[in-house]
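All residue numbers for the sequence shown refer to our numbering, where the first residue is 1225 and numbers rise by one.
Every residue, glycine too, gets a C-beta built ideally from N, C-alpha and C.
Predicted model, so just to flag it, every value in this text is computed and none were measured.
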Amino acid sequence: MIKKQPSTKSSKENHVKKFTRFISRSSQRFISSFLDDESEKEKHLTHIHQQINKAILQKSLVVLQYQEPSQTNYETLVGRIYQHAVNRNALVIKLQKTNEIRMISANYIKKISIIHTHHSQTLSISK
1225 MIKKQPSTKS
1235 SKENHVKKFT
1245 RFISRSSQRF
1255 ISSFLDDESE
1265 KEKHLTHIHQ
1275 QINKAILQKS
1285 LVVLQYQEPS
1295 QTNYETLVGR
1305 IYQHAVNRNA
1315 LVIKLQKTNE
1325 IRMISANYIK
1335 KISIIHTHHS
1345 QTLSISK
């Protein structure tokens, strides 16, 4: 009786197909996670802008966690914010403690808390 040996050609093709499938799935997962990450950043920025607009309209005091890319740690800023008329991401904050005025970017705000001073001392925290 003669046994047929499996052809090495079909075995190689099978490995190539498996490898191709693996690469394809990995690429799809990578792209999907990249897009999800971008949508999360977009949602966060939209939420930050909503909180900024709310604070400006109410003329409320805000507490910001602010971190520029060149910094390793965030800094906490407390004061009133004002938005640039043309550039929505450019903000001016007048610091409560020193009355110093600083120009900051909304893109680097990690967290914003609004202190409502008109009615009662309530705090609205946003992540």
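Item checked: Contact between the stretch 1273–1293 and the stretch 1243–1254 (3+ Cβ pairs under 8 Å) -> No, the stretch 1273–1293 does not touch the stretch 1243–1254.
Item checked: Status (buried if at least 16 other CB within 10 Å, exposed otherwise) for S1329 -> In the sequence shown, residue 1329 corresponds to position 105, counting from 1. Exposed, since its Cβ has fewer than 16 Cβ neighbours within 10 Å.
Notebook entry, point to check: With 16 as the cutoff for other CB atoms within 10 Å, does L1319 come out buried or exposed?
Noted result: Locating residue 1319 in the sequence shown gives position 95, where the first residue counts as 1. By the neighbour-count rule (16 or more Cβ atoms within 10 Å), L1319 is not buried but exposed.
Next item on the list: Helix, strand or coil for K1242, going by three-state DSSP, please let me know.
Entry: Numbered from its first residue, the sequence shown carries residue 1242 at position 18. Helix, per DSSP.
Item checked: Alpha-carbon spacing of E1262 relative to H1268, whole angstroms -> Position 38 of the sequence shown holds residue 1262. Position 44 of the sequence shown holds residue 1268. Approximately 10 Å, taken between the alpha carbons.
Note to self: Within 8 Å, do at least three Cβ pairs link the stretch 1293–1312 to the stretch 1233–1246?
What the structure shows: Contact fails: fewer than three Cβ-Cβ distances are below 8 Å.
Checklist line | Cα-Cα separation between N1331 and H1340, rounded to whole angstroms | finding: Position 107 of the sequence shown, counting from 1, holds the residue named residue 1331. Position 116 of the sequence shown, counting from 1, holds the residue named residue 1340. So the two alpha carbons sit approximately 23 Å from each other.
Notebook entry, point to check: Thinking C-alpha only, which one of T1322, Y1298, I1276, I1325 is nearest R1312?
Noted result: Numbered from 1 along the sequence shown, position 88 holds the residue referred to as residue 1312. That would be I1276, whose Cα lies nearest to the Cα of R1312.
Item checked: Proximal residues to N1297 (C-beta, below 8 Å), its chain only, five neighbours per side dropped -> To locate residue 1297, count along the sequence shown from 1; it is residue 73. Apart from sequence neighbours up to five positions away, the residues of its chain that approach N1297 with a beta-carbon distance below 8 Å are Q1291, ordered along the chain.
Notebook entry, point to check: Which first and last residues belong to the beta strand (DSSP E) in which S1300 is found?
Noted result: Stepping through the sequence shown from its first residue, residue 1300 is reached at position 76. Note that residue 1300 corresponds to Thr in the displayed sequence, not to Ser. Run containing T1300: 1299–1307, per the beta strand (DSSP E) assignment.
Note to self: Restricting to Cα atoms, I'd like to know which of Q1274, L1301, K1236, Q1282 is closest to N1323.
What the structure shows: Stepping through the sequence shown from its first residue, residue 1323 is reached at position 99. Nearest neighbour of N1323 by Cα position, chosen from Q1274, L1301, K1236, Q1282, turns out to be L1301.
Margin query: Rounded to the nearest angstrom, what separates I1336 and V1286 at their Cα positions?
Written below: Counted from its first residue, the sequence shown places residue 1336 at position 112. Counted from its first residue, the sequence shown places residue 1286 at position 62. Going by the C-alpha atoms only, they are around 7 Å apart.
Item checked: Outcome for I1333 when other beta-carbon atoms lying within 10 angstroms are tallied against a minimum of 16 -> Walking along the sequence shown from the start, residue 1333 turns up at place 109. Here I1333 is buried: its Cβ has 16 or more other Cβ atoms, across all protein chains shown, within 10 Å.
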